[in-house]
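In the numbering used here, the protein residues as written are 1470 to 1983.
See structure below.
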Amino acid sequence: MITPLCKASSFSRVSLFLMAMLFIGLSLSSVSANASIYYVDGGNQQTGTDGSKANPWQTLLEAWMIAPSGSTVVVSGGTYDAFSISNPRSELDDFITFEAAEGETPTISGVSVIFPELQNGFIRFDGFRIRGAAGTRVVSLENVRSVEILNNEILGEKWAKSGQGTTGLQISGSDSVSIAGNHVHEIHTGLMVGGSTGTIIHRNLIMPKAGSGIKYSGRNQAGVIEANHVKGAPYTSYPEDPDAVQNPHASIISVRSGDLLIKGNLLHDMGSSSGVMFYSPDADGGESAYSNITIENNAIFSTNNYYALRIYNLGENFKVINNLLFARPREGSCDGFTKDARYRYNTALVVHSKADGFDGSGLHLFNNILVGALMAPETVRESNNVIWSWFNGSDWLSQAPNSSSMLLTSSYAGCGNHSRAFENGTFFEASLDFSSLSDDPVPNLSLGANSSGINFGDPDKQAAKSLGTVGSDGLLLDDGVVRSSSIHSVGPYEILVEEAASTSPPSAPKLMLE
């Protein structure tokens, strides 16, 4: 089930709705009632075959050149050469779906669809193991429209070699590309997107070794990053592995384009800088003013990163709604933490700079939990947030500008006098050791039954649904609670409403590996 998409900006809401409906329609079934079905079996040594089940084609390229528009090509298990094409089939008006045979997982040595100019691809890969050589882009899409990469395992033979990292997928100069349901691992960087419109990155498990999980570079428009689980993967470091990156440095999601929806993602335990970062312009792109951004219903936490959400060149219509933002504790001599209570945790959200002509009021903060310092001007529009501490650029605030928000810490306090509300089980359901959060299992960061965060949010600004749990395959499940005006909690998780006849207190959903 694909979660309905919400708008990313005022001028792209129609296009996003249409893309979402198209994506849902195309993904419900890869074979329509009247579609032609053909077959590929790499073990078939016959020539002059017709692609029937009795006489299958031998290669994917043969199937691509012959199969009619709208057909499905069922591929038997085995290892196949890379699928590489440089010219479209202009007569196609519907997808050709390459689908793994039931119970089998064919392996492809990479996918490359690179056209000289933007043209229709109408290609869908579903259920394969796509493996690329070290230092390559396992899946490379350039100047293509209408391509879907669904439910595949995407991996490299070696995540780094001689300083050149393997990238899971690279999308450039393309339109209406959907990446959904994939497990991307054994790679340096997960996904790279640049110069593209309408890219949907939905419900993938991405496990990079050293680079960003998603590198959303410059000149993109109307993008959706939704319901993904992105976490780091262990690797052999330098010098034990002489090909490894010596000093890995990455954000979980790095952003250099505006007009973007980041919704319902679980981002944790990787990087060495930031959870999500909006960069100043550089060689990979960047905006002079980041505008028309929605960051909604995400859990961003890690002991690796000093910042959970980091913004340069803040513009307008930048919405941050119902998120949990946590960055690593700040080390010190107070039981491992710094003595300054305002800095017990690092920076949950920072506005490094405002774009020319903007005063900071373009940032809208509603119903968030900020485990760490908020470093932002008081001109931001905010309400119903739970905030550890707030520095406005010159002073620590003693209370939030909006009385509907809760500011927990405003003074030095000293060792032994810090609030432990976020750690001792009075706010979150579990008692947490923030100095050693682990992804095995994912810590339970849902609200406790008696948490002060329950019904603290603004129902008019809340996310439609809470963040789901993690399935046994590591993908996020679409099982989050539908929010209602009677339960409007802060953060991305919601308490479960018991049946009316029940006298037991409500319980929070578990964010645990099933």
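All C-beta atoms in this analysis are idealised placements derived from N, C-alpha and C, irrespective of residue type, glycine included.
Apply the 10 Å Cβ neighbour rule to residue i and answer buried if 16 or more other Cβ atoms are within range, or exposed otherwise.
i: V1951; result: exposed
i: L1497; result: Reliability of the predicted coordinates at L1497 is poor, the pLDDT of 37 falling under 50, and the value obtained from them is presented with this limitation in mind. Flag for L1497 reads exposed.
i: Q1639; result: buried
i: A1810; result: buried
i: H1957; result: buried
i: R1889; result: exposed
i: N1503; result: Low local confidence applies: a pLDDT of 43 at N1503 is under 50, so the model's placement there is unreliable, with the coordinate-based value given in what follows. Classification for N1503: exposed.
i: N1524; result: exposed
i: D1929; result: exposed
i: S1645; result: buried
i: G1885; result: exposed
i: Q1690; result: buried
i: N1556; result: exposed
i: E1756; result: buried
i: E1568; result: buried
i: D1751; result: exposed
i: S1540; result: buried
i: G1612; result: One detail in the question is off: residue 1612 reads as Asn in this sequence, not Gly. N1612 should be labelled buried.
i: P1961; result: buried
i: M1490; result: Low confidence applies here, because M1490 scores a pLDDT of 41, under 50, leaving its location unreliable; read the following figure in that light. Classification for M1490: exposed.
i: K1522; result: exposed
i: N1792; result: buried
Assuming the contact rule is C-beta atoms closer than 8 angstroms, residue i and residue j should be a hit. Round their C-beta distance to whole Å, please.
i: E1695; j: L1730; result: 7 angstroms
i: I1780; j: V1819; result: 7 angstroms
i: V1714; j: A1845; result: So it is not a contact: roughly 33 angstroms between Cβ atoms.
i: A1719; j: G1740; result: 5 angstroms
i: N1766; j: K1732; result: 6 angstroms
i: G1744; j: L1778; result: 6 angstroms
i: T1848; j: S1822; result: Actually they do not touch by this definition, with Cβ atoms about 14 angstroms apart.
i: D1563; j: S1538; result: 5 angstroms
Beta-carbon separation of residue i and residue j under 9 angstroms?
i: R1593; j: I1554; result: no
i: G1922; j: L1936; result: no
i: I1764; j: M1746; result: no
i: S1609; j: G1579; result: yes
i: G1590; j: T1574; result: no
i: F1897; j: N1913; result: yes
i: W1857; j: L1839; result: yes
i: S1665; j: G1692; result: yes
i: R1672; j: S1726; result: no
i: V1699; j: P1677; result: yes
i: S1879; j: S1867; result: yes
i: N1734; j: N1761; result: no
i: S1873; j: D1927; result: yes
i: A1603; j: D1710; result: no
i: I1623; j: S1647; result: no
Return the bridge partner residues of residue i from the DSSP annotation.
i: V1544; result: V1509, A1569
i: W1526; result: V1509
i: Q1633; result: K1630
i: C1803; result: F1806
i: I1648; result: I1618, I1670
i: I1583; result: E1611
i: A1702; result: A1702 pairs with nothing; no bridge assigned.
i: M1844; result: V1819, F1860
i: K1684; result: M1661, S1723
i: P1677; result: I1656
i: V1693; result: I1669, L1730
i: G1601; result: G1625
i: Q1588; result: V1613
Please determine, among the options, the residue with the shortest C-alpha to C-alpha distance to residue i.
i: Y1549; options: V1840, R1600, G1517, S1521; result: R1600
i: A1882; options: N1871, G1937, A1691, Y1812; result: Y1812
i: S1955; options: A1890, N1924, E1531, Q1514; result: N1924
i: K1788; options: V1580, A1932, H1737; result: A1932
i: S1905; options: G1755, H1887, R1797; result: R1797
i: I1964; options: S1953, P1928, L1916, K1930; result: L1916
i: T1605; options: N1556, E1655, V1616; result: E1655
i: F1860; options: G1701, T1938, A1869; result: A1869
i: H1652; options: V1616, T1816, V1607; result: V1607
i: Q1515; options: F1795, T1528, K1627; result: T1528
i: T1772; options: F1835, A1817, D1864; result: A1817
i: L1660; options: S1643, S1681, G1642; result: S1681
i: V1724; options: Q1633, Y1685, H1887; result: Y1685
i: G1841; options: D1738, Y1775, F1835; result: Y1775
i: D1942; options: Y1508, V1544, P1585, N1621; result: N1621
i: Q1633; options: R1614, S1641, V1616, T1658; result: T1658
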